[in-house]
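Start counting at 1 in the sequence shown, then tack on 12, and there's your number in the working numbering.
Yeah, the Cβ is synthetic: ideal placement off N, Cα and C, and Gly gets one too.
Structure first, then comments.
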Amino acid sequence: MNLDSREILIVDDETALLRLMNEYLQRLGYTATPAHTMAQARQALEGRPDGYAVVVLDAGMAETGLDDLVIELLAAYPRLRVVVSSGYPVDMSSLQRAAPERVDFLHKPFSSEMLVAVLRRMLGPQEEAEEV
């Protein structure tokens, strides 16, 4: 299967934010899949093991612990990148050491420009060359 660099899975329990991110990313040409729960997110990932380039994950959605969840996702899906979002400070140092260039942080509240900037960083040069 080919990885589509524009496939984004958004995991957040804030319905309004989830809807806004989904609509905004779709307007920019991304294929965004919203998930309100980790169960929905896991189902989406299992249904498309190579289909998502990035997961935008609300830190509060981690049932067992953020580091464990992110490491589990990165191990299960070797091409996946994870952007953790939170309104609270999150120590990303161990994740960034464990998976350099595969994890990033986005502090809530964030603007649409900040969301696109982090996605471009995570997706690499092919995204930076496109007009968004």
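- Note that the C-beta distance between Asp79 and Arg93 is not below 9 angstroms.
- Taking 3 residues as the shortest admissible run, the segment 52–111 contains the following complete beta strand (DSSP E) segments, listed from N- to C-terminal end: 66–70 and 93–98.
- Classified as buried, Tyr64 has 16 or more neighbouring CB atoms from the shown chains inside 10 Å of its CB.
- The continuous stretches of beta strand (DSSP E) do not include Thr49, and DSSP gives it neither H nor E.
- In the DSSP secondary-structure assignment, Glu19 is bridged to Thr43.
- By the CB criterion at 9 angstroms, Met33 and Asp25 fall outside the cutoff.
- Residues of the same chain with a CB within less than 8 angstroms of the CB of Arg31, apart from the 5 flanking positions on each side, are Pro46 in chain order.
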